[in-house]
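Undergrad:
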Amino acid sequence: MLSRREREELERIGGTLRDDDPELARAFGRGGPPRRWAGGRVLRRGLDMFAGVLIVLGLVTLNFGLVLLAAIVLVIAAFAHVQGWGDPWNSTSDHEDG
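Counting in our numbering, the final residue of the sequence shown is number 103, and the numbers go up one at a time with none missing.
1. Going by the CB atoms, is the gap between alanine 75 and leucine 59 shorter than 9 angstroms?
2. Does leucine 73 get closer than 9 angstroms to chain B when you measure Cβ to Cβ?
3. At the level of alpha carbons, what is the spacing between isoleucine 81 and glutamate 16?
4. Just the Cα atoms here: how many angstroms apart are glycine 89 and arginine 46?
5. For valine 78, which residues from the same chain have a beta carbon less than 7 angstroms from its beta carbon, with the 5 sequence-adjacent residues on both sides left out?
6. What is the rounded straight-line gap between the Cα of arginine 49 and the Cα of valine 87?
7. Classify aspartate 26 as helix, strand or coil using the three-state DSSP reduction.
Shown next, in the form of structure tokens:
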């Protein structure tokens, strides 16, 4: 059993969680992980695969323009991975301070 003070502290933490991240609070209420959209992961993996294909094609055909394009796509893919593009729970307001 929790003491009265511990229950109040848990309720305060739960209220803060509901205010800060309602989706996570609902997931805790359901007892499972938050639903994730696979499209964001597919988008990022697709960029990775596209860059890999460009590198292979560029090296096989000795077309260094394709290799340069692949390097640019890899930079975009790295940015997409870091920023979490395609993830509905990663909005720009989550990353701002203040």
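Where a beta carbon is used, it is the ideal one built from N, C-alpha and C, also for glycine.
TA: In short, the structure shows the following:
1. yes
2. This model lacks chain B altogether; it includes just one protein chain.
3. 43 angstroms
4. 9 angstroms
5. Leu52, Phe55, Ala56, Leu59
6. 10 angstroms
7. coil
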